[in-house]
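Notes to accompany the following structure.
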Amino acid sequence: MHRRRSFEVFTLSFLDTICCGFGAVILFYTILSAQAGAARLKDHDVLSSEVDRLKEEVQQGDRNLAVLRDSLTRTQLSSLAGDLSRIRGRYAGSREDAAVTNIIERQLVAGQETLTEEMQRLIAQRAQSPRTADIGGIPLDSEYVIFIIDTSSSMTSNHWEVNLGVVEELLSLYPHVQGLQVMNDQGTYMYEGTRGRWLSDTPEQRKDIRERARKWRAFSQSNPVPGMEEAVRRYWAPDKRVAVFVLGDEFTGDSIQEALDAIGSANKPGPDGRRPIRIHAIGFPEGPDMPPFTNIRFSALMRFICEQNGGTFVGMKH
């Protein structure tokens, strides 16, 4: 009998196949590793390029910021220089105003010293004598009377009772006129709806004026110029003789000269050279703790206005 040959499971061919398989796996892993390394190298190059680009943008931003800061600094310096110039201009103007104020104050003090006690006594007491052409320096040739009363807090708080007494005394100087009117320093009428018209002069009307004046508190800026302009422009007539009485204690307007020019151009002289509207003024002293500057300006303004418009200025003492 032939002896059966034994079968070898792990022959050389099988081992070769196994080795080739392992070799293929190793080769495949090597190829993948090489590709991954190349991809990482490429990504690194891209990231480096992006970083360089961002650095350049940051540097450009820094340069732009420096330019902007320099431009802003120049703009601020220019603005500050303009502010400084305006401040210097106001300072110079203030010094000029102060010099003018000192001159006016000296003139006012000198004028007040010349005011006689007799004039104040006549304006403060009820006139019992018959009407004449001139009482206490106040011409009484007018046929119409307008009161312009400062209704600011400095007047209503410090002088109102005296102010009402002065109005009463002035009315007594004109026992009967053809028309009356009352407004405040801003041109606000005591009787709304009567602009351009005259109030009838009757005992009842005078009584009502006194009663209304006692509680009258119209808005005021302590500037008699708007009231005078309203009175002159609204009631000027070449054939009428009108007396305007301004009662106040302050002038807060911008310019005395502008006020003089405005009133002078409105109250034009008639054919005989006389201005139809006489403007008189009663100046009250400044109240307690009140700076005298606006009070001095009121007195200076109204002295010039009265002189220009045929009137009389009377300054009241404390």
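Take the sequence shown: its letter number 233 is residue 221 in this note's numbering, and every next letter is one higher.
Even glycine gets a Cβ: it sits at the ideal position worked out from N, Cα and C.
All values reported here derive from a predicted model rather than from experimental measurement.
Here Glu156 has Arg198 as same chain residues with Cβ atoms under 7 angstroms from its own Cβ, once five neighbours each way along the sequence are excluded. For Gly241, the closest alpha carbon among the candidates Arg41, Gln174, Asn255 and Ala54 is that of Gln174.
Take the alpha-carbon of Val165 and the one of Pro276: they are about 37 angstroms apart. Every unbroken stretch of the alpha helix (DSSP H) spanning 4 or more residues and falling wholly within the stretch 173 to 247 is given here in chain order: 191 to 202 and 213 to 223. Burial state of Gln169 is buried, judged by a 10 Å Cβ sphere holding 16 or more other Cβ atoms.
Here Asn172 is not near Ser141, since their CB atoms are 8 angstroms or more apart. Our two residues, Pro280 and Phe272, have alpha carbons roughly 11 angstroms apart in a direct line. Residue burial annotation: Asp40 is exposed, with fewer than 16 other C-beta atoms found within 10 angstroms of its C-beta.
Looking at Gln47, Cys8 and Glu131, the one whose alpha-carbon comes closest to that of Asp227 is Glu131. By the Cβ criterion, the stretch 208 to 217 is not in contact with the stretch 183 to 200, since fewer than three pairs of Cβ atoms, one from each stretch, lie closer than 8 angstroms. The residue from Ser36, Pro264, Asn297 and Met178 with its alpha-carbon nearest to that of Ala206 is Met178. In this chain, the alpha helix (DSSP H) harbouring Val155 covers Trp148 to Leu161. A residue is called buried when at least 16 other Cβ atoms come within 10 angstroms of its Cβ; Ile6 does not meet this threshold and is exposed.
By DSSP's assignment, Gly303 forms a beta bridge with Gly271.
Ile136 is a Cβ neighbour of Val232, given a cutoff of 8 angstroms. Two segments are said to touch when three or more pairs of C-beta atoms, one from each, lie closer than 8 angstroms; by this definition the stretch 295 to 302 touches the stretch 251 to 267. Here Glu217 really is in contact with Ile251; their C-beta atoms are around 7 angstroms apart, less than 8 angstroms. The Cβ atoms of Asp237 and Phe292 do not sit closer than 8 angstroms to each other. Shown here, Gln166 sits in coil according to DSSP, grouped into three states, outside any helix or strand.
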